[in-house]
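**Q**
Protein chains in written order, with the numbering used here: chain A, 575 to 1005; chain B, 115 to 426.
1) Residue range of the alpha helix (DSSP H) that residue 885 (chain A) falls in?
2) In three-state terms, what does DSSP make of residue 833 (chain A)?
3) Is there at least one Cβ from chain B nearer than 8 Å to residue 602 (chain A)'s Cβ?
4) Are the C-beta atoms of residue 276 (chain B) and some chain A residue less than 8 Å apart?
5) Quick one: grab the DSSP three-state call for residue 725 (chain A).
6) At which residue ranges does the segment 938–1003 of chain A contain complete alpha helix (DSSP H) runs of 4 or more residues, listed in the order of the chain?
7) Just checking, does the segment 764–778 of chain A make contact with the segment 807–823 of chain A on the three C-beta pairs under 8 Å criterion?
8) Return helix, strand or coil for residue 861 (chain A), following the three-state DSSP convention.
9) Note down, one range per segment and in chain order, each beta strand (DSSP E) of at least 3 residues found wholly within the segment 121–201 of chain B.
10) Between which two residues does the beta strand (DSSP E) containing residue 610 (chain A) stretch?
11) Interface residues of chain B around residue 821 (chain A) at Cβ under 9 Å?
12) How is residue 269 (chain B) classed by DSSP in three states: helix, strand or coil?
13) Compute the Euclidean distance between the alpha carbons of residue 800 (chain A) and residue 1001 (chain A), then round it to the nearest angstrom.
14) Using a Cβ-Cβ cut-off of 6 Å (strictly less than) and excluding sequence neighbours within five positions of residue 903 (chain A), which residues of its own chain qualify?
15) Give the residues of chain A in contact with residue 396 (chain B), contact being defined as C-beta atoms less than 8 Å apart.
16) Given a cut-off of 8 Å, decide if residue 883 (chain A) and residue 959 (chain A) are closer than it, judged by their beta-carbon atoms.
17) Using the C-alpha atoms, what's the distance from residue 608 (chain A) back to residue 635 (chain A)?
18) For the beta strand (DSSP E) that contains residue 846 (chain A), what are its first and last residues?
19) Whole-angstrom Cβ separation of residue 749 (chain A) and residue 842 (chain A), contact assumed at under 8 Å?
20) If you measure from the beta carbon of residue 368 (chain B) to each beta carbon in chain A, is any gap under 8 Å?
21) With residue 827 (chain A) and residue 368 (chain B) assumed to form a contact (beta carbons below 8 Å), what rounded beta-carbon distance in angstroms separates them?
22) Along the chain, where does the beta strand (DSSP E) that runs through residue 642 (chain A) open and close?
23) Taking 8 Å as the threshold (beta carbon to beta carbon), is residue 162 (chain B) in contact with chain A?
24) With which residues is residue 665 (chain A) paired in a DSSP beta bridge?
25) Measure from the C-beta of residue 120 (chain B) to each C-beta in chain A and report whether the shortest distance is under 8 Å.
26) Hey, how far is the Cα of residue 716 (chain A) from the Cα of residue 888 (chain A)?
27) If you measure between the beta carbons of residue 655 (chain A) and residue 679 (chain A), is that distance less than 8 Å?
28) So for residue 281 (chain B), helix, strand or coil by DSSP?
29) Strictly under 8 Å for the Cβ-Cβ distance: is residue 389 (chain B) near chain A by that measure?
30) Closest to residue 890 (chain A) by C-alpha separation, out of A:671, A:739 and A:642, would be which residue?
31) Using 8 Å for Cβ pairs, my map puts residue 840 (chain A) next to residue 923 (chain A). What's the rounded Cβ distance?
32) Let me check one thing: in DSSP terms, what residues is residue 680 (chain A) bridge-paired to?
33) Mind reading off the beta-carbon distance from residue 224 (chain B) to residue 304 (chain B)? Whole number of angstroms is fine, and I expect it under 8 Å.
34) Going along the chain, which residues of its own chain have a beta-carbon closer than 8 Å to the beta-carbon of residue 628 (chain A), five neighbours each way excluded?
35) May I ask you to list the residues that DSSP assigns as paired with residue 812 (chain A)?
36) Can you give me the C-alpha to C-alpha distance between residue 186 (chain B) and residue 153 (chain B), rounded to a whole angstrom?
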């Protein structure tokens, strides 16, 4: 065997070193990143794991993903941050974002490369809602959603109703007829469930559809000064009193449970988050109203409905900012030019995103066509209305404590003017 | 050369033996208890944990800002707390009564000899061994107004002409919670009472029979007095469990409709983990501890007063 000389050793190692440098230059994308921790609440965790695998393989990432149950997600993340644990990239619901940002758990994204391009591509309303109170961007979009009105076409046809309601009066009139004709015990299914995704977003939606404001420019509750809110609440009392709504909806613990009631085909109208229409009208194995027997129609009144944006955020204490930002762009942006993650959420779950250009993609159009009129849905999104009140420290407590007040109003336990005054008083007491 | 032996007294030796366990218990039980008690007197924000802190095993444990009795005074002046207290009292009362009566009834049945008794005794433990979240989901599946198996069964049997909404009002929802929790917990009471019954000397029954006592008299004058200690345990355990019950509310009603199934434990959980007010949240939950202690003392006094009088 030829002995290794100092000269041959230097030549060999020099060649190896040069090839390594060149390889990094040519195939920079496959360079292994530093390990980063990524946490999200449990929603299709296998799908998220697939994204992470794709990312690790395609972009040389070393992402460790952890799914935490939804109900305890935000307290868990805070407790673990308290214990010194750092999750570099984290999901964050819109109503927790300001708290995390103001307390230094997450950082602004404004100084990160490429952010201005991404902002330009986003729907301005969603962009605004992703900003913290100081005007800086606090997260990239995980998904956006808004309230829509869905109707059961076969039931309306059976009752001789030719077209879905275009106004609230018409909706109530249809519901009364369906009840009277014994076509449905409870024709109307509003999302009055007790969770934070139910009663209060529905309350804001119906107020907006009446052209009313719920908060003023300083984010104070002003519902007692808005005739549109009173009109919406009087209508809610009316449909409750006429037994047009299943009373059990008040104890449903999630919007998911609420929308499942509509699967039975025993209700005529339903209001809920837009993505639930995908299971209602697109999953024949679950819903009696699939395929496409349940349809969306524009929300009555002004057509405006409550819209929100949940997000991916970056930990302010991350030691791997470049890699965390790269992962965040893969998840909440368009890192490889194919909208991979955002597109998958649209296709798999009907979770929308604030990038309008994505809806021109033929795969997206074909997929949505199986469960909704995409053009109509996009038109509804143009009417989506965001709020800024959730950026206030009192909001989460107000949001929970307001539910019993609204439930009492619905059931006639308090009058509408009294109930609306109680909401204002509640908000003031929490300031 | 004389060898001086170092001798430990028996007391010191025993203390040394239990020291590791005492330290472990202090770390995992006493310290969290003391810390959470401290939190109930403090203004706590987990995300702003600056200021004075304890260092323990390399961990920094913030002490937060002391606010005295403020958290307690605020909750005691909150009408929602007193509403929740009323519902909690109803819930605990109904739950303890149902659990004790049903547990005793099942224990009496399982104490008798009949074919299949070993199987029945084994099956009895299934509800108790299930996690409460699973119990909640199971009962959602049974009671649901659209998909519920119970509604389906009653409808198909022709007993109802439309599905029943078991959770439509606050009071019926609260009673559903009581019954579901009883279903989950009564087997444990049965187990304890059955063990107690098996330890009653057969001679007592024979003597009672010889005196002409019937079934109810034997139950009244032999079984129940002999079970006094076990009944005390059942009452204490079910009272504490009743006060602390949270999981079923989470799965079945989330405190609604309105606040009509909000108990003190749910209010404390909401305050601490939904509003992130850990100070007031722990204060609410410590009031539960006080109620549990008071009721335990009361049970003890009532149940053993007669016995003590007899012994005296």
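Even glycine gets a Cβ: it sits at the ideal position worked out from N, Cα and C.
Just so you know, these numbers come straight off a predicted model, no measurement behind them.
**A** Based on what the coordinates show:
1) Not the alpha helix (DSSP H): residue 885 (chain A) falls in the beta strand (DSSP E), residues 879–888.
2) DSSP places residue 833 (chain A) in helix when its eight states are reduced to three.
3) Reliability of the predicted coordinates at residue 602 (chain A) is poor, the pLDDT of 42 falling under 50, and no value is obtained from them.
4) yes
5) strand
6) Runs found: 948–956 and 969–984.
7) yes
8) coil
9) With a minimum length of 3 residues, the continuous beta strand (DSSP E) runs that stay inside the segment 121–201 of chain B are 167–170 and 173–176.
10) Element bounds for residue 610 (chain A): 609–615.
11) Result: 259, 279, 281, 282, 283 and 371.
12) helix
13) 16 Å
14) 909
15) Those do not exist, as residue 396 (chain B) stays about 14 Å from chain A at its closest Cβ, beyond 8 Å.
16) By the CB criterion at 8 Å, residue 959 (chain A) and residue 883 (chain A) fall outside the cutoff.
17) Their backbone Cα atoms lie some 7 Å apart in a straight line.
18) Note, residue 846 (chain A): beta strand (DSSP E), 843–847.
19) Right, their Cβ atoms sit about 6 Å apart.
20) At a cut-off of 8 Å between C-beta atoms, residue 368 (chain B) counts as an interface residue with respect to chain A.
21) 5 Å
22) 636–642
23) yes
24) Answer by DSSP bridge pairing, in chain order: A:886.
25) no
26) 13 Å
27) Yes, the Cβ-Cβ distance between residue 655 (chain A) and residue 679 (chain A) is below 8 Å.
28) It is coil, neither helix nor strand.
29) Taking Cβ atoms only, chain A reaches closer than 8 Å to residue 389 (chain B), which makes this a yes.
30) A:671
31) About 25 Å separates the two Cβ atoms, so there is no contact after all.
32) Per DSSP, A:889.
33) Confirmed, about 7 Å.
34) The beta carbon of residue 628 (chain A) sits closer than 8 Å to those of 914, all from its chain and outside the five residues before and after it, given in chain order.
35) None, per the DSSP bridge assignment.
36) 11 Å
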